[in-house]
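Residue numbers (the numbering used here): 17 to 102.
Note that CB positions come from ideal geometry on N, CA and C, so glycine has one too.
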């Protein structure tokens, strides 16, 4: 009899847990903006580093005239290379 009571108690705890989690998930979903689902991804234009070819978001790129670079170091390397005349 003890084992049956334990199984029933575990099942009841599981059912209560599922109900509580379902209610809290519904409550959280109501607080979200229905026009913006969790699958919506904000897109941003990507640019290619002139030196190494890595793509970075345009807002994070380092520019020199019309050229984009992924880091200050790559922009500096490019400028040093241009100054040396290679």
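Backbone CA spacing between residue i and residue j [nearest angstrom]
i, j, result
"residue 20", "residue 29", "14 Å"
"residue 18", "residue 24", "10 Å"
"residue 60", "residue 31", "44 Å"
"residue 80", "residue 39", "54 Å"
"residue 87", "residue 98", "17 Å"
"residue 72", "residue 58", "15 Å"
"residue 63", "residue 94", "16 Å"
"residue 96", "residue 76", "22 Å"
"residue 33", "residue 22", "16 Å"
"residue 74", "residue 89", "17 Å"
"residue 65", "residue 78", "9 Å"
"residue 70", "residue 82", "16 Å"
With 16 other Cβ atoms within 10 Å as the buried cut-off, status of residue i
i, result
"residue 91", "buried"
"residue 41", "exposed"
"residue 84", "buried"
"residue 36", "exposed"
"residue 68", "exposed"
One or two residues paired with residue i in a DSSP bridge
i, result
"residue 84", "79"
"residue 62", "73"
Opening and closing residue of the beta strand (DSSP E) in which residue i lies
i, result
"residue 71", "71-73"
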